[in-house]
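Novice: A single structure is presented below for examination.
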Amino acid sequence: MAQYTPHYGLHQWEPEDSFLREDFNQDLARIDAALGQMSGFVCGSFTGNGGTQEISLGFRPRLLIMVEDETSHKMCMAADGLTYDYICFTDTGFQVTYNSTYVYIGNRRSTTYTYLALR
Numbered sequence: 001m002a003q004y005t006p007h008y009g010l011h012q013w014e015p016e017d018s019f020l021r022e023d024f025n026q027d028l029a030r031i032d033a034a035l036g037q038m039s040g041f042v043c044g045s046f047t048g049n050g051g052t053q054e055i056s057l058g059f060r061p062r063l064l065i066m067v068e069d070e071t072s073h074k075m076c077m078a079a080d081g082l083t084y085d086y087i088c089f090t091d092t093g094f095q096v097t098y099n100s101t102y103v104y105i106g107n108r109r110s111t112t113y114t115y116l117a118l119r
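In full-length UniProt numbering, the protein residues as written are 1 to 119.
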């Protein structure tokens with residue numbers, strides 16, 4: 001009868017065990033999920049709505065780098081623990097707010113932004 005690894009519950013077969021495809025598929029799904037959790041960063045993009053919107057990452061970022069796609073010279077960085085008027089970190093991602101009086105970039109209507117978020 002198969003034994004299982006302590007951390008991920010992967011099958012460890014004995015010589016007399018028979019193999020089942022379902023066992024391999026379960027193991028591969030567990031490995032895939034574990035590797036997905038290990039990724040140190042997430043890249044993505046969003047289109048500004050001119051107000052406030054939440055960008056979901058599935059984790060609270062430690063550092064965020066955001067670039068306005070229409071220009072190559074507008075970029076901002078934000079770090080967890082610091083206060084910003086236009087970026088707020090949440091437990092599941094970050095929130096961006098547009099205000100026309102800000103000099104920074106972020107959430108302007110119909111503008112595309114690309115971001116890199118570090119775990």
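Note that beta-carbon positions come from the ideal geometry of N, C-alpha and C, so glycine has one too.
Predicted model, so just to flag it, every value in this text is computed and none were measured.
Does the distance from the CB of A117 to the CB of L35 come in under 7 Å?
Specialist: Sequence index remark: in the sequence shown, residue 117 carries index 117 (1-based). Sequence index remark: in the sequence shown, residue 35 carries index 35 (1-based). In this structure, L35 does not lie closer than 7 Å to A117 by Cβ.
Novice: Return helix, strand or coil for G58, following the three-state DSSP convention.
Specialist: Within the sequence shown, the letter at position 58 stands for residue 58. Coil at G58, not helix or strand.
Novice: Using the Cα positions of D17 and Y4, report the straight-line distance between them to the nearest angstrom.
Specialist: Taking the sequence shown and counting its residues from 1, one reaches residue 17 at position 17. Taking the sequence shown and counting its residues from 1, one reaches residue 4 at position 4. D17 and Y4: Cα-Cα distance of roughly 13 Å.
Novice: Among all the DSSP beta bridges, which residues are the ones paired with F89?
Specialist: Residue mapping note: residue 89 aligns to position 89 of the sequence shown, counting from 1. Answer is F94, bridged to F89.
Novice: In terms of residues, what are the limits of the beta strand (DSSP E) holding E68?
Specialist: Locating residue 68 in the sequence shown gives position 68, counting from the first residue. Counting along the chain, the beta strand (DSSP E) containing E68 begins and ends at 63-68.
Novice: Tell me Y115's beta-bridge partners as DSSP assigns them.
Specialist: By 1-based counting over the sequence shown, the position of residue 115 is 115. Looking at the DSSP assignment, Y115 forms a beta bridge with G44, M66.
Novice: Alpha helix (DSSP H) containing N25: first to last residue?
Specialist: For this step, residue 25 is matched to residue 25 along the sequence shown. 21-38 is the extent of the alpha helix (DSSP H) around N25.
Novice: Mapping the DSSP letters down to three states, classify H7 as helix, strand or coil.
Specialist: Reading the sequence shown from its first residue, position 7 is the one you call residue 7. Residue state, collapsed to three classes: coil.
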